[in-house]
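Working notes for the structure below.
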Ligand code: ATP
Ligand code: MG
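In my numbering, the protein residues as written are 67 to 538.
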């Protein structure tokens, strides 16, 4: 008996689709993500994929003509697809197709096909589900690969042989891992093995697409699911070898350091509980990246990672560049977080002076809360006593930050006396001395030697000028 899912088709657009299909005398189905997410109760869709057994473009044009606001249809002739937006939802139209692949490219040779051909070319059984929009069986679910069972069993499986599926289009390896993370599904063992076997095929995928999937993994509730799958299948060695280099524990003279790869994954999961800021999650992912190249063993000190924050911040730039990610303010933010990632920890371990907190607020500027969030996520000790101690210490640091901020306002600190003013008062041309005086004023304020106001800064300026032998 065929199940019907008419209740999935509540949106008014489906009535229009039904009518358009009838008028164009073409069969059509809603397919892929929409059906999957409906069955998983995943909320309202952002896009709906429609497959027509015939021309998808003509169907799109028909639908547009039937809609009250006659939306514009974007046609992608080369792909045989069309898109229109209605009530905030993107409708993607495609003609059913049969695909065959060439080894060196993920761009297939395309022929017109049946619904079955089209379902065969889909990446996963759970993404191949279709619901009919045709008069004769409106609402019928067409599920040739038991996708519904896989949804219930929370399994990612390919309709055809996994070997061929992943080799044909290696982006699917990233998609499998991304869906496993977003949906918290398991990847079927043969699929997982096929990903491992085809891992080097990832090299034919553009960096942009890889990063796109990686960002979706990072934006999930528990990114470690995907990150550990990327590690297990060794895809991570192609994408972020710097992270893989953090894995492992070395022991010399009975002294061990922690495994910074698994630690990093915990930090990313932790931060994902407190922030949706994707770039802060990136910072968590890369915060210890400098530890592999800076690792040393000293007889007296044990394991050290001196300057890893500085080295790590430099690596952030290289990684972003290699992955063709934007080298903009987001990259700078991640760099800054990595560079400063140990600062609050130092504060929390020791007695915290006001001047140390003032310096932290000054250096972190508007990112001070984000930095605290990162450092709190960085606590991964399993020792409850220590955990509580660190958490409490960070609470104290946060409190101190608030106090210092209210009193001294150093967050977006501008020296109260400007360089121009110093030049004017002493009748100087631009010179080294002006920089020295400005810097001295800044330092005095951050150290709490003088309050952050104009009069005090000016007095201090005269004092400093005198020391430098500058005549007034
Ligand atoms: P989401 O939109 O949440 O990422 P989705 O399943 O809708 O999930 P899309 O990228 O929008 O994913 O693709 C729509 C459909 O197209 C998928 O459900 C799948 O059937 C098919 N598809 C997308 N990419 C591929 C691919 N690389 N190989 C095979 N089929 C694919
Ligand atoms: Mg989609």
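The beta carbon of each residue, even a glycine, is placed where N, CA and C say it ideally should be.
{"Asked": "Assess contact between the segment 236-243 and the segment 206-214, defined as three or more Cβ pairs (one per stretch) separated by less than 8 Å. Is contact present?", "Found": "no"}
{"Asked": "Look up residue 74 in the DSSP assignment and say whether it is helix, strand or coil.", "Found": "helix"}
{"Asked": "Do residue 409 and residue 437 come within 9 Å of each other at the CB atom, strictly closer than that value?", "Found": "yes"}
{"Asked": "Of the choices 163, 123, 342 and 256, whose alpha-carbon is the least far from that of residue 188?", "Found": "163"}
{"Asked": "Can you list, in chain order, the residues of its chain whose CB lies under 7 Å from that of residue 67, leaving out five sequence neighbours each side?", "Found": "With a pLDDT of 49 at residue 67, under the threshold of 50, the modelled position of that residue is not reliable, and no figure is offered here."}
{"Asked": "What alpha helix (DSSP H) runs, 4 residues minimum, are completely inside the segment 288-336?", "Found": "290-298, 302-305 and 307-310"}
{"Asked": "Just verifying my parser: in three-state terms, what is the DSSP assignment at residue 217?", "Found": "helix"}
{"Asked": "What residue from 358, 447, 246 and 432 has the CA that sits closest to residue 314's CA?", "Found": "358"}
{"Asked": "Distance check for residue 304 and residue 333, CA to CA, integer angstroms please.", "Found": "22 Å"}
{"Asked": "Quick check: the Cα distance between residue 222 and residue 196, rounded to an integer number of angstroms?", "Found": "17 Å"}
{"Asked": "So residue 301 packs on residue 246, CB below 8 Å; how close in whole Å?", "Found": "Residue 301 to residue 246, Cβ: 13 Å. No contact."}
{"Asked": "Return helix, strand or coil for residue 477, following the three-state DSSP convention.", "Found": "coil"}
{"Asked": "My assumption, with CB atoms under 8 Å, is that residue 393 sits in contact with residue 387. Please give the rounded CB distance.", "Found": "6 Å"}
{"Asked": "Could you say which of 144, 95 and 111 lies nearest to residue 125 if we only look at CA atoms?", "Found": "95"}
{"Asked": "Assign residue 243 to buried or exposed, taking buried as 16 or more other Cβ atoms, counted over all protein chains shown, within 10 Å of its Cβ.", "Found": "buried"}
{"Asked": "Identify the residues that DSSP records as bridge partners of residue 198: which are they?", "Found": "95"}
{"Asked": "On a Cα-Cα basis, can you pick out the residue from 533, 415 and 352 that is closest to residue 385?", "Found": "352"}
{"Asked": "What is the C-beta distance between residue 225 and residue 194, in whole angstroms, given that I count them as a contact (C-beta under 8 Å)?", "Found": "5 Å"}
{"Asked": "Just to confirm, is the Cβ distance from residue 83 to residue 199 under 9 Å?", "Found": "yes"}
{"Asked": "DSSP beta-bridge partners for residue 388?", "Found": "Answer is none; residue 388 lacks a bridge partner."}
{"Asked": "Using only the heavy atoms of the ligand ATP, determine whether one of them is closer than 8 Å to the beta carbon of residue 237.", "Found": "yes"}
{"Asked": "Rounding to the nearest angstrom, what Cα-Cα distance links residue 492 and residue 533 in this structure?", "Found": "14 Å"}
{"Asked": "Skipping 5 residues on each side, what residues in its chain have a beta carbon closer than 8 Å to that of residue 470?", "Found": "420, 423, 424, 427 and 476"}
{"Asked": "So, with DSSP's three-state summary, where would you put residue 150?", "Found": "strand"}
{"Asked": "For the alpha helix (DSSP H) that residue 344 lies in, which residues bound it at each end?", "Found": "344-352"}
{"Asked": "Mind checking whether the beta-carbon of residue 112 lies closer than 8 Å to any heavy atom of the ligand MG?", "Found": "yes"}
{"Asked": "Taking the alpha-carbon positions, what's the residue 326 to residue 90 distance?", "Found": "60 Å"}
{"Asked": "Consult DSSP for residue 521 and reduce its assignment to one of helix, strand or coil.", "Found": "helix"}
{"Asked": "Is residue 520 buried or exposed, if buried means 16 or more other CB atoms sit within 10 Å of its CB?", "Found": "exposed"}
{"Asked": "Does the beta-carbon of residue 418 have 16 or more other beta-carbons within 10 angstroms, so that it is buried, or is it exposed?", "Found": "buried"}
{"Asked": "In three-state DSSP terms, what is residue 449?", "Found": "coil"}
{"Asked": "Confirm the yes/no value for this check: CB of residue 154, any heavy atom of the ligand MG, distance under 8 Å.", "Found": "no"}
{"Asked": "Whether or not the segment 151-169 and the segment 113-127 are in contact is what I'm after, with contact meaning three or more pairs of Cβ atoms, one per stretch, closer than 8 Å; do they touch?", "Found": "yes"}
{"Asked": "First and last residue of the beta strand (DSSP E) that includes residue 157?", "Found": "155-161"}
{"Asked": "Suppose only complete runs of 4+ residues qualify. What are the alpha helix (DSSP H) ranges in the segment 236-288, listed by chain order?", "Found": "237-249, 255-263 and 273-284"}
{"Asked": "State the CB to CB distance for the pair residue 273 and residue 389, rounded to an integer number of angstroms; the pair is presumed to be in contact (CB under 8 Å).", "Found": "5 Å"}
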